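There are 2 protein chains.
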Amino acid sequence: MGLIVQKFGGSSVANTERIRKVAERIIEYKDAGHQVVTVVSAMGDSTDDLIELASQLNSKPSAREMDMLLSTGEQVSMSLLAMAIQAKGYQVISLTGHQAGIRTDSIHSKAKILDVKTDRLEQELGKGNIVIVAGFQGMSDENEITTLGRGGSDTTAVALAAALNADICEIYTDVDGVYTSDPRVVPNASKLASISYDEMLELASLGALVLQPRAVEFAKLSGVKLHVRSSFNHSEGTIVQEVESMEKAMVVSGVACDHNVTKIALFDVPDKPGIAYQLFDALAKENINVDMIIQSHEQENRNDISFTVTRDDKDTAVAIANKVADAIGARGVAYDDTVAKVSIVGAGMKTNPGVAAKMFEVLYRLNINIQMISTSEIKVSCVIDEQDGNRAVVALHEAFGLDKLEQ
Amino acid sequence: MGLIVQKFGGSSVANTERIRKVAERIIEYKDAGHQVVTVVSAMGDSTDDLIELASQLNSKPSAREMDMLLSTGEQVSMSLLAMAIQAKGYQVISLTGHQAGIRTDSIHSKAKILDVKTDRLEQELGKGNIVIVAGFQGMSDENEITTLGRGGSDTTAVALAAALNADICEIYTDVDGVYTSDPRVVPNASKLASISYDEMLELASLGALVLQPRAVEFAKLSGVKLHVRSSFNHSEGTIVQEVESMEKAMVVSGVACDHNVTKIALFDVPDKPGIAYQLFDALAKENINVDMIIQSHEQENRNDISFTVTRDDKDTAVAIANKVADAIGARGVAYDDTVAKVSIVGAGMKTNPGVAAKMFEVLYRLNINIQMISTSEIKVSCVIDEQDGNRAVVALHEAFGLDKLEQ
């Protein structure tokens, strides 16, 4: 018997049939004697439908009015879910972000949770109610409805779990856990029984989109144990928790490939102080997130600078790079969006030397040219030709023994 | 220059094209120097769509969760309308019932407005904002979202107009005012330039559904002047205000026919005290609204009692009547749902004797049998055969000179 916070995403409540299934799942926990707080996203595509309506009226609506509009999506799904639970004869109440005490800052469309006032939540749990909470939303001190941005429902669930000191925070998705690699690329990828916050963060930002990075960071900071699992079956998923509590950290726990990469290079950049600052400050001012940066010494007093951005930012980034290249007297700018970033992630990496070398060896044996390298304590990433991405992932997955994991 | 409260119903904001038209209309007032507060209903059929979703999950959802669900409809339309106004370069803000300070009691699905705290409204108007308010909803002292029931948006508009001491409350609908009769039945029905609250109340409850009776009552109590007009053209509609302020009250200002009538009769009821109480108390306990009641003295110590209810309530009412008839020893029960109620309404009636007699004469000359009669100070109603309804209305409309009104 304990207190469980759960989060069901949009695909889990996409229609009334699925909402009924979620209701049944919640009731199983209630019947087992647990207290349950369930966070829901908006139904299926309903958020996109609202965005489409807005775009017909205004190409740049204010973030404040968009929050007004989009926050209705979760209010619809939470009340329908509550009705489905009522229909089974159980006590339940749905709460908006505001009613659930979720206080945010005033940055509309990407608000941050400041704290959770748990009075109402505790009162409803005390009455024996199952509590359904609208994900993705809160209220500012100015009495304004705010939203947390895409994926904010994960963050809502983690924040509630932290504030209520829940035993676990279950994140229900359409996959049944975190895998050692993308099963569409590596058919014998294994589900991980557990993974550390840091590993999950690296995998999340590498495109394994089962969990929002923000929610993982929040969980790490507040020590909330996460359980990522499928809403379509009852199998155990993946536990995300502090590595200290795990019996043994795996050297490499996952191999990922990110295809949303463009490499941009400035050639023959004069070797003077302040050049890198000029370039990356200009990019930052346009809100362009730069991932990897390599500066190579080509010839006397001339360098090449290469960096990567997502493909959405390619056009703006190339334009800025050209402008800066002119200003500083670089020879030219080139870009390549036929590259991919292959990464290995593992919390045990920092105590096991030679992991990076093994990765390079695997790529060498496949005759794959490494264009850029970046490393962190628990990750090694290489930019390679996009067409080599999948075979690199398969070979790395095998080389690090991830296809022989015992679950 | 003044303060105008407007209300646009669901058909006026049924799609983005219509929302854009409403935005243009609001802007005309703003450009003319007025302060504008606009109340909106949910888009077109969206409330019915939400009710349908709920019914798939629960045949009897709690009123509290239904309010959660349905209150999203107005939140969608108000934010879209605000975006349409922003797109034209005007300052605007949308407010939920809660944010607009609409405080209600806690009776979910048919909450009553207790008061309106105008601080936020006045603050936004003071900033030069056009203010859009969600109709139909408010918040209780328990921090719960409530709805005012169908047609509640009219009431919201009147309450805001009263609280803000607005110069006028404009009710935009899909007809261009209040008519002397239903134009589908009486092709030469005239639009009334003005009408008293009491007349409007009688006509509203007689099925001229341009205005909710509750909103008219509220307007009468608080002295809010209403202007009922079309959202599809700019012609002047009908002013609803105190009769004292009108130059001359019309003897008869409207003729209505209500087809939603069932007549139920108990025969040979013993003439004892308490019989009527027994019958109508039983009906009231089932929330059945009884309209007309006639008790006729048929023979010594035996009466007939007839009454009318709406056709939705027929089955329940007949069952109750049978039960009571058994208990009190009446001879039997009959019902007839092929009847209609024809009414003439006019504030000048009370100072003009002979109006009822003239109505009966018109029906007599048409050879129409009158089955029941009821009167108030400003209304005479007769129950007749339903098939005679339309020709009765046409003849009465002509007899009282309503087809020759000068506008």
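The listed protein sequences correspond, in order, to chains A and B.
Counting in my numbering, the first sequence runs from 1 upward without gaps.
Counting in my numbering, the second sequence runs from 1001 upward without gaps.
Heads up, the beta-carbon is just placed ideally off N, CA and C, and yes, glycines get one too.
Keep in mind the model is a prediction, meaning the values are calculated, not measured.
{"query": "Please work out which residues of its chain come closer than 6 angstroms, Cβ to Cβ, to valine 1410 of chain B, disregarding the five sequence neighbours upstream and downstream, and give them in chain order.", "result": "In the structure as shown, chain B starts at 1001 and stops at 1407, and residue 1410 of chain B therefore has no counterpart that could be examined."}
{"query": "Can you tell me whether asparagine 391 of chain A is buried or exposed, with buried defined as 16 or more other CB within 10 angstroms of its CB?", "result": "The sequence given here has arginine at residue 391 of chain A, not asparagine. Arginine 391 of chain A is exposed by the Cβ-count criterion."}
{"query": "Mapping the DSSP letters down to three states, classify isoleucine 275 of chain A as helix, strand or coil.", "result": "helix"}
{"query": "Along the chain, where does the alpha helix (DSSP H) that runs through leucine 396 of chain A open and close?", "result": "389-399"}
{"query": "Let me confirm a value: tyrosine 172 of chain A is counted as buried when at least 16 other C-beta atoms fall within 10 Å, else exposed. Which label applies?", "result": "buried"}
{"query": "Can you have a look at glutamate 1199 of chain B and say buried or exposed, based on whether 16 or more other CB atoms are within 10 angstroms of its CB?", "result": "buried"}
{"query": "From what residue to what residue does the beta strand (DSSP E) around asparagine 303 of chain A run?", "result": "302-309"}
{"query": "Specify the secondary structure class of proline 1213 of chain B as computed by DSSP and reduced to three states.", "result": "helix"}
{"query": "Candidates A:Ser109, A:Gly33, A:Val5 and A:Val240: which alpha carbon is nearest alanine 347 of chain A's?", "result": "A:Val240"}
{"query": "Distance cutoff 8 angstroms, beta carbons only. Does valine 1022 of chain B sit that close to anything in chain A?", "result": "no"}
{"query": "Taking all protein chains shown into account, do 16 or more other C-beta atoms lie within 10 angstroms of the C-beta of threonine 16 of chain A, making it buried, or fewer, making it exposed?", "result": "buried"}
{"query": "Does DSSP put threonine 1104 of chain B in a helix, a strand or coil?", "result": "strand"}
{"query": "Let me know if asparagine 165 of chain A comes out buried or exposed under the rule of 16 or more other beta-carbons within 10 Å of its beta-carbon.", "result": "exposed"}
{"query": "In whole angstroms, what is the alpha-carbon distance linking arginine 1229 of chain B and glycine 1089 of chain B?", "result": "27 angstroms"}
{"query": "Could you check where the alpha helix (DSSP H) with aspartate 1067 of chain B kicks off and where it finishes?", "result": "1063-1087"}
{"query": "Are there 16 or more other CB atoms within 10 angstroms of the CB of arginine 20 of chain A, so buried, or fewer, so exposed?", "result": "buried"}
{"query": "For glutamine 1123 of chain B and alanine 1163 of chain B, I'd like the C-alpha separation in whole angstroms.", "result": "14 angstroms"}
{"query": "Is it the case that the Cβ atoms of serine 196 of chain A and glutamate 242 of chain A are separated by a distance below 8 angstroms?", "result": "yes"}
{"query": "Is alanine 1330 of chain B helix, strand or coil by DSSP?", "result": "coil"}
{"query": "Can you check the region 334-363 of chain A for any alpha helix (DSSP H) of at least 4 residues that lies completely inside it and give the ranges in chain order?", "result": "none"}
{"query": "Tell me, to the nearest whole angstrom, how far the beta carbon of leucine 160 of chain A is from that of valine 116 of chain A; I am working on the premise that it is less than 8 angstroms.", "result": "6 angstroms"}
{"query": "For a cutoff of 8 angstroms on Cβ pairs, would you count glutamine 123 of chain A as touching chain B?", "result": "no"}
{"query": "Sort out for me which residues DSSP pairs alanine 1321 of chain B with in a bridge.", "result": "According to DSSP, alanine 1321 of chain B bridges with nothing at all."}
{"query": "Nearest by alpha-carbon distance to valine 1216 of chain B: which of B:Ser1153, B:Ala1395 and B:Asp1268 is it?", "result": "B:Ser1153"}
{"query": "Can you say whether leucine 1221 of chain B is buried or exposed, counting buried as having 16 or more other CB atoms within 10 angstroms of its CB?", "result": "exposed"}
{"query": "In three-state DSSP terms, what is lysine 220 of chain A?", "result": "helix"}
{"query": "Is it true that the region 1324-1335 of chain B meets the region 1267-1275 of chain B, where meeting means three or more beta-carbon pairs spaced less than 8 angstroms apart?", "result": "yes"}
{"query": "Which one or two residues does DSSP pair with glutamine 1006 of chain B in a beta bridge?", "result": "B:Thr1038 and B:Glu1170"}
{"query": "Could you name the residues of chain B that threonine 16 of chain A contacts, counting a contact when the two beta carbons are closer than 7 angstroms?", "result": "Leu1053, Gln1056 and Leu1057"}
{"query": "Which residues in chain A have a C-beta closer than 7 angstroms to the C-beta of threonine 1072 of chain B? List them in chain order.", "result": "Thr72, Gln75 and Val76"}
{"query": "Here's the rule I'm using: 16 or more other beta-carbon atoms within 10 Å means buried, otherwise exposed. How should isoleucine 1145 of chain B be labelled?", "result": "buried"}
{"query": "Just curious, the alpha helix (DSSP H) that isoleucine 1019 of chain B is in, first and last residue?", "result": "1016-1031"}
{"query": "Grouping DSSP H, G and I as helix and E and B as strand, with all else coil, what is leucine 1226 of chain B?", "result": "strand"}
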